[in-house]
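Q:
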Amino acid sequence: MYKFEKLTLREVEVMLGISLGRSRAYREIKQEGIEQATFNLVIRQLIKRFGELSAEIRGSISALPLPVMENLSEALLDFTSYGKGLAMLNPYVDINYFAVNLLIIFRNTNL
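The C-terminal position of the sequence shown is numbered 113 in this note's numbering, with every residue numbered one higher than the one before it.
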């Protein structure tokens, strides 16, 4: 693919005579981009609201399924307490570990 790095997607499709936009590889790459963007958004929102996050919390969040991360990005706007944040994540992460870290974060904020 390095031969094509200066070409647009459309130019490569015409040259190869295929539709890359419909290929499984393209869909997977696009999905990974969406997941990474959602993860970045959630992390930025958490840092803005509660301060720096540990690598373990980042890891727990990155392991969440995309629909949960999307819901979390919206729910973060409504978190007013440790309990609300914990309830949202309960089915998806190691709650004992995550709870301790969230409790520390909430104690260090003025919520």
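Note that beta-carbon positions come from the ideal geometry of N, C-alpha and C, so glycine has one too.
So, at 8 angstroms on beta carbons, what are the nonlocal neighbours of residue 8 in its own chain, with the 5 sequence-adjacent residues on each side left out?
A: Answer for residue 8: no residue qualifies.
Q: Beta carbon of residue 22, beta carbon of residue 15: below 8 angstroms?
A: Result yes, Cβ atoms of residue 22 and residue 15 sit closer than 8 angstroms.
Q: If I'm right that residue 66 touches residue 79 with Cβ under 8 angstroms, what's the distance once you round it to whole angstroms?
A: That belief does not hold up - the Cβ atoms of residue 66 and residue 79 are roughly 17 angstroms apart, past 8 angstroms.
Q: Ordered along the chain, which non-local residues of its own chain (more than five positions away) have a Cβ less than 8 angstroms from that of residue 11?
A: Same-chain partners within the cutoff: 22 and 23.
Q: Taking only the alpha-carbon atoms, compute the straight-line gap between residue 62 and residue 71 and give it to the nearest angstrom.
A: C-alpha separation (whole angstroms): 11 angstroms.
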